[in-house]
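The structure appears right after this line, and notes come after that.
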Amino acid sequence: MADKFIHIVSFNIPLPANYGGIIDVFYKLKALKDEGIKVILHCFEYGRAHNDELLNYCEQVYYYKRPKKISKAFSNLPFIVNTRSNKELLDNLIKDDYPILFEGIHTTYFIGDKLLKNRMKIIRSHNIEHHYYYELYLNETNILKKIFFKKESEKLNNYEKNVLYANNIAAISKNDNDYLFSKYNKSFYLPAFHPNEKVTTKKGIGDYILYHGNLSVNENIQALQYLADNVLDNIDYKIKIAGNNPSKSFTKLLLKHKNVEIIKNPDDAEMKNLIENAQINLLITFQDTGIKLKLLSSLYLGRHCLVNKTMVNNTELDDLCYIKDTPEDIIESINQLMHVEITDELIENRKTILNKYYSNKKNIKILINQIFQ
Numbered sequence: 009m010a011d012k013f014i015h016i017v018s019f020n021i022p023l024p025a026n027y028g029g030i031i032d033v034f035y036k037l038k039a040l041k042d043e044g045i046k047v048i049l050h051c052f053e054y055g056r057a058h059n060d061e062l063l064n065y066c067e068q069v070y071y072y073k074r075p076k077k078i079s080k081a082f083s084n085l086p087f088i089v090n091t092r093s094n095k096e097l098l099d100n101l102i103k104d105d106y107p108i109l110f111e112g113i114h115t116t117y118f119i120g121d122k123l124l125k126n127r128m129k130i131i132r133s134h135n136i137e138h139h140y141y142y143e144l145y146l147n148e149t150n151i152l153k154k155i156f157f158k159k160e161s162e163k164l165n166n167y168e169k170n171v172l173y174a175n176n177i178a179a180i181s182k183n184d185n186d187y188l189f190s191k192y193n194k195s196f197y198l199p200a201f202h203p204n205e206k207v208t209t210k211k212g213i214g215d216y217i218l219y220h221g222n223l224s225v226n227e228n229i230q231a232l233q234y235l236a237d238n239v240l241d242n243i244d245y246k247i248k249i250a251g252n253n254p255s256k257s258f259t260k261l262l263l264k265h266k267n268v269e270i271i272k273n274p275d276d277a278e279m280k281n282l283i284e285n286a287q288i289n290l291l292i293t294f295q296d297t298g299i300k301l302k303l304l305s306s307l308y309l310g311r312h313c314l315v316n317k318t319m320v321n322n323t324e325l326d327d328l329c330y331i332k333d334t335p336e337d338i339i340e341s342i343n344q345l346m347h348v349e350i351t352d353e354l355i356e357n358r359k360t361i362l363n364k365y366y367s368n369k370k371n372i373k374i375l376i377n378q379i380f381q
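Residues 9 to 381 (our numbering) make up the sequence shown, in order.
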């Protein structure tokens, strides 16, 4: 049987795999390799170094400059697309006739090019990007960034019709799949790929609550501000807040609360340890976009997961979490769960549901069947 090859065009270099979208990219290409598919990876440089470890998973790796000139912001094209328009990418894609997986609408500058007309092309949708940028606009306080996010949302909304050049779209959430299919009559649901292979929840009782996430993005800043204003001073337990790049001012604000500890820029091993040993993983979001990969990590590795409804919308994971939407209910649940050992029944339920919906081995077969049909 002949080898099967695929081009993957990534919006960034997928190692280290330490934030949402890039985690999905890396563990997807790893799953493809495990199934014997040979990957030719194309990466746009975006604040990350070249990484030779990628050659353990890919036949070839190409890197492309991403010039972020201010003039790129004044085009009718979205900035995230227009800055990923390196002609070398097209030159490399036309060296063969292998299928192409575009990671995010960001990477689709060449998708409508006549030289790719007869190629199998799949877009991995990580978000409905114009919805995502509109949320950024609503939550931003810096006036220049606010203007940029609003214009980018409008441009992305107009650009989105270019998905019609793709044979299909792999939507990361059920909400996104419904939206894309109703609008373009093409899309299939492909859950997020992630580093977890089995549930390893520890028995026993921990002595702290954990909130984790990228501490430099507005979504998490907004969630922590909400907790700081409404929850932190009303509980008597240690709260560890772990994540990348918190600002000095935000760190200072959080540390005003006597029971808070900040863990800045933990590596993978430290983050895993924090999730595993927490009594409660507290996960709050006000952005109903995609699937939060930190939720999956908390369910595979951690004990109790206390979330708000937005965190689990259309994830099939409601039954595995305690869902509370008011500060009073969150506080009450914390006071209860800090003394309750997680049950064997709940752990087994996690294994069943996570294996059904979020198994990398199962879900990569869905993608392979779509690409090589």
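We put the beta carbon where it would ideally sit given N, CA and C, even for glycine.
What does a CB cutoff of less than 6 Å around residue i pick up in its chain, not counting 5 residues either side in sequence?
i    : result
Y70  : H50, N100
Q381 : none
E269 : K248
K359 : V207
Consult DSSP for residue i and reduce its assignment to one of helix, strand or coil.
i    : result
Y308 : helix
S341 : helix
I376 : helix
H347 : coil
F291 : The question names Phe, but residue 291 in the sequence shown is Leu. Strand, per DSSP.
L97  : helix
E160 : helix
K46  : strand
E137 : helix
V320 : helix
E53  : coil
H114 : helix
G214 : coil
S190 : helix
I155 : helix
E336 : helix
G29  : helix
I21  : coil
Y173 : helix
Y65  : coil
I88  : helix
L144 : helix
L314 : strand
K182 : helix
K36  : helix
E205 : coil
Which residues mark the beginning and the end of the beta strand (DSSP E) in which residue i is found?
i    : result
L198 : Careful: L198 lies outside any beta strand (DSSP E) and carries neither H nor E.
I108 : 108 to 111
H265 : Note, H265: premise wrong, no beta strand (DSSP E); not H, not E.
H15  : 12 to 18
V69  : 68 to 72
K246 : 246 to 251
Keeping to the same chain, check which residues put their C-beta closer than 7 Å to that of residue i; ignore five residues upstream and five downstream.
i    : result
Y382 : The structure shown has nothing for residue 382, since the chain only spans 9 to 381.
S375 : One point to set straight first is that residue 375 is Leu, not Ser, in the sequence displayed. Once the five neighbours on either side are set aside, the close Cβ partners of L375 are A178, L198.
Y173 : I119, G120, K129
P86  : E160, K163, L164, Y167
E53  : I21, Y71, Y72, K73, R74
K158 : Y145
F294 : Q230, A231, T318
Going along the chain, which residues of its own chain have a beta-carbon closer than 8 Å to the beta-carbon of residue i, five neighbours each way excluded?
i    : result
D296 : N183, T318, N321
I283 : L218, H220, N289, S305, S306, L309, G310
D327 : N357, I361
N166 : N84
I379 : I14, P107, L109, M128, I130
L345 : Q287, I288, H312, L314, Y330
E96  : Y70, Y72
D333 : N316, K317
Go to residue i, then tell me how far its alpha helix (DSSP H) extends in each direction, as first and last residue.
i    : result
F82  : Per DSSP, F82 belongs to no alpha helix (DSSP H) and is neither H nor E.
Q230 : 226 to 238
E284 : 276 to 285
R132 : Note, R132: premise wrong, no alpha helix (DSSP H); beta strand (DSSP E) at 129 to 133.
K256 : 256 to 262
E356 : 352 to 366
Thinking C-beta only, is residue j closer than 8 Å to residue i?
i    : j    : result
K168 : I113 : The identity of residue 168 in the sequence shown is Glu, whereas the question assumes Lys. For E168 and I113, yes; Cβs fall inside 8 Å.
L303 : L325 : yes
A25  : F19  : no
V47  : I88  : no
S195 : N222 : no
L164 : E143 : no
I292 : Y365 : no
K246 : N267 : yes
E349 : I243 : no
D352 : A200 : no
N170 : T115 : no
I372 : L98  : no
Answer with yes or no whether the minimum CB distance from residue i to chain C is below 8 Å.
i    : result
T360 : Here chain C cannot be found, since the structure has a single protein chain.
The segment 213 to 224 contacting the segment 239 to 256, beta-carbon criterion three pairs below 8 Å:
With a cut-off of 8 Å, the segment 239 to 256 and the segment 213 to 224 count as touching, because enough Cβ pairs lie within range.
Touching by the beta-carbon criterion (3+ pairs, under 8 Å), the segment 205 to 213 and the segment 225 to 232:
Contact between the segment 205 to 213 and the segment 225 to 232 is absent: fewer than 3 CB-CB pairs across the two stretches fall below 8 Å.
Spell out a yes or no on whether the segment 129 to 141 and the segment 59 to 70 are touching, meaning 3 or more CB-CB pairs, one atom from each, closer than 8 Å.
Judged by Cβ distances under 8 Å, the segment 129 to 141 makes no contact with the segment 59 to 70, as fewer than three pairs qualify.
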